[in-house]
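All remarks here apply to the structure that follows.
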Amino acid sequence: MNFSKLIYTLFAFYCFLFCTKVSAQADSLKPKDISFKQINQAKTLPPADLIEIAIRIFNIDTTRRPRSTKKINFSLLPAGASVPGGGAAVVTTLNAAFYTGNNDTTNLSTVDFTPVFTTTGKILISLKSSVWLKNNIANISGEIRYFNYPDYTWGLGGNSPEDNRSILNFQYIRFYQSALKKIAGSLSAGIGYRFDRYYNIKEELEDSSKSSNLSSYPYGTVSSSKSSGFTLQALYDSRKNSINPPGGKYFSLVYRNNPEWLGSDYSWQSLFADARIYLLIKSDKRKLLAFRGYYWTRLSGNVPYLDLPANGWDYTAYPRGIRRSRYRSNALIYGESEFRFDISQNGFWGGVAFVNCLGASEFYTQKFSVFHPAAGFGLRIKFNKYSGSNVALDFAFSQNFYGLYINLGEAF
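Counting from 4, one number per residue, gives the positions in the sequence shown under the working numbering.
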């Protein structure tokens with residue numbers, strides 16, 4: 004490990020200890036109805052999450068105001084990552100979870116802030132939110148992202164060769180916002196706006212004997228591209244907690260239209276369909292089967308290169324075991340199943356095992372002829388038992404790639 008990586012590792016560890024201490028200190032007001040006997044008994048029980056460990060290490064008083072009475076629950080995870088083209092990065096994810104109404108009738112709202120800083124001076128900042136109003140009468144969600152961070156590309160199609168890889172350097176601004184109104188039960192619908200702006204696009208060939216991946220595609224590959232469009236969305240979401248769903252179903256259908264009169268460089272339309280099911284298995288410890296599938300396709304028009312469907316750019320965690328942006332084409336289809344289980348009785352330790360499969364269409368025919376499977380397993384450590392957030396440590400692999408993933412929360 005070189006000196007810069009060591010400094011970033013120590014800094015991340017310090018942030019972890021500091022933020023858990025601050026989060027725990029926010030609970031230091033005591034109610035009168037808790038006896039010292041109950042306090043002592045609680046201290047002898049195994050810790051249920053990492054915040055409880057921090058409370059015990061620093062001997063923080065939480066009896067005046069128990070954690071269960073907090074309006075907002077925070078979780079934080081610093082981690083390290085490699086950077087395409089060389090270098091290291093510190094990735095910090097801060098999650099805030101809260102209810103705007105009764106938690107029996109209102110879904111958990113979340114806000115995620117993720118800054119990424121690299122030793123090479125690159126930066127990525129993302130702020131995502133999904134706010135459910137009281138009794139789920141409406142959902143307000145969106146994302147703001149600034150991206151000055153290199154990425155890989157292998158060209159277009161579901162069977163692009165591994166040695167086609169090149170590095171893309173660009174800057175990116177994203178602004179997404181939507182407002183959905185409850186129709187009945189868990190069903191809602193509404194409209195939104197999405198803006199994607201890429202600029203200073205430059206391709207760096209790792210092998211000078213190879214051809215440029217951008218040169219064969221005419222849209223959004225010169226130096227910049229801009230897409231500005233409205234969305235129509237239908238959403239069914241019966242999950243009470245999107246951070247760590249205890250059960251339920253999720254289905255989202257998003258139609259996006261980017262007309263030139265709204266500021267887009269090119270007129271184009273797309274469709275994104277996403278379905279997830281969570282099945283709880285009866286057991287003395289928590290066991291759950293989770294399934295996810297999505298279909299993302301260009302409907303018509305000339306889509307800029309960086310706006311084409313590509314794994315890892317579907318607004319959620321990219322498929323574990325397949326490198327981000329590995330496949331880019333007119334359409335993607337994806338499926339995953341995961342078994343989640345508790346190891347300890349109180350849920351502090353848990354595990355997962357998963358398999359997934361990604362298909363990217365042949366670019367000019369839009370037919371699916373090649374599919375790419377991956378699999379893996381992981382460990383879960385409960386960070387905050389009230390929001391359900393876990394520290395997720397996953398190892399995943401496919402035919403030409405393997406990777407270790409450190410995240411806050413589940414993949415889906």
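Glycine is no exception: its CB is placed at the ideal position from the N, C-alpha and C atoms.
Is it buried or exposed, residue i, if we count other Cβ atoms within 10 angstroms and call 16 or more buried?
i	result
Ser31	Confidence in Ser31 is poor, its pLDDT being 34 and thus under 50, which makes the residue's placement too unreliable to answer from.
Val474	No statement about residue 474 is possible, as the shown extent of the chain runs from 4 to 415 and does not include it.
Ala187	exposed
Leu53	buried
Phe77	buried
Glu207	exposed
Tyr11	Unreliable placement is indicated for Tyr11, whose pLDDT of 38 sits below 50; the coordinate value is still reported in the next sentence. Buried, since its Cβ has 16 or more Cβ neighbours within 10 Å.
Val225	exposed
Leu48	exposed
Asp416	The chain is shown from 4 up to 415; residue 416 falls before or after that span and cannot be answered.
Thr368	exposed
Ile246	buried
Ile418	Absent from the model: residue 418. The displayed extent of the chain is 4 to 415, so no value can be given.
Asn359	buried
Asp345	buried
Val94	buried
Lys370	exposed
Glu55	buried
Ala395	buried
Gly161	buried
Arg383	buried
Asn403	exposed
Lys285	exposed
Pro164	exposed
Ser267	buried
Gln44	The pLDDT assigned to Gln44 is 47, lower than 50, so where the model puts this residue is not dependable, and the model offers no usable value.
Ile387	Correcting the residue identity first, residue 387 is Asn in this sequence and not Ile. With 16 or more other Cβ atoms within 10 Å, it is buried.
Contact check, residue i vs residue j under 8 Å by CB: the rounded distance?
i	j	result
Gln236	Ser303	19 Å between Cβ atoms; not a contact.
Gly381	Gly354	7 Å
Asn292	Pro249	The sequence shown places Leu at residue 292, rather than the Asn named in the question. Wrong, their Cβ atoms sit about 13 Å apart, outside the cutoff.
Can you check whether the CB of residue j is closer than 8 Å to the CB of residue i?
i	j	result
Ile204	Phe173	yes
Arg197	Gly223	no
His112	Ser133	His is not the amino acid found at residue 112; the sequence shown has Ser there. Cβ atoms of Ser112 and Ser133: closer than 8 Å.
Ser340	Ser364	no
Phe398	Ala377	no
Tyr337	Tyr281	no
Ala183	Leu238	It should be noted that the sequence gives Leu, not Ala, for residue 183. Result yes, Cβ atoms of Leu183 and Leu238 sit closer than 8 Å.
Arg323	Ala414	yes
Phe120	Ala92	yes
Leu130	Tyr201	no
Tyr220	Asp240	no
Asn138	Thr108	yes
Asn110	Lys243	yes
Asn444	Trp271	Lying outside 4 to 415, the shown extent of the chain, residue 444 is not represented and no answer is given.
Lys185	Ile140	yes
Gly412	Asn393	yes
Asp154	Ser328	yes
Ser189	Pro307	no
Asn142	Trp157	no
Asn260	Ser230	no
Ile51	Phe351	Reading the sequence as shown, one finds Ala at residue 51 and not Ile. Yes, the Cβ-Cβ distance between Ala51 and Phe351 is below 8 Å.
Asp277	Ser255	yes
Check for me: the beta strand (DSSP E) holding residue i runs from which residue to which?
i	result
Ile140	Unbroken run through Ile140: none, as it is neither H nor E.
Leu183	169-187
Trp271	271-284
Val257	251-261
Trp264	Note, Trp264: premise wrong, no beta strand (DSSP E); not H, not E.
Arg356	Looking at the sequence shown, residue 356 is not Arg but Ala. First-last of the beta strand (DSSP E) with Ala356: 352-363.
Arg301	290-304
Tyr405	405-411
Gly83	75-85
Gly104	Here Gly104 belongs to no beta strand (DSSP E), and DSSP marks it neither H nor E.
Leu335	334-345
Could you name the residues that DSSP lists as bridge partners for residue i?
i	result
Trp135	Asn142
Asn244	Bridge partners of Asn244: none, in fact.
Thr156	Ser169
Gln236	Gly193, Val257
Gly391	Partner(s): none; Gly391 has no beta bridge.
Leu130	Phe116, Ile147
Thr95	Pro81
Thr121	Ala92
Tyr202	Gln174, Ser227
Lys385	Asn393
Phe380	Ala356, Phe398
Glu207	Ile170
Taking the alpha helix (DSSP H) that residue i falls in, what are its first and last residues?
i	result
Ala57	53-60
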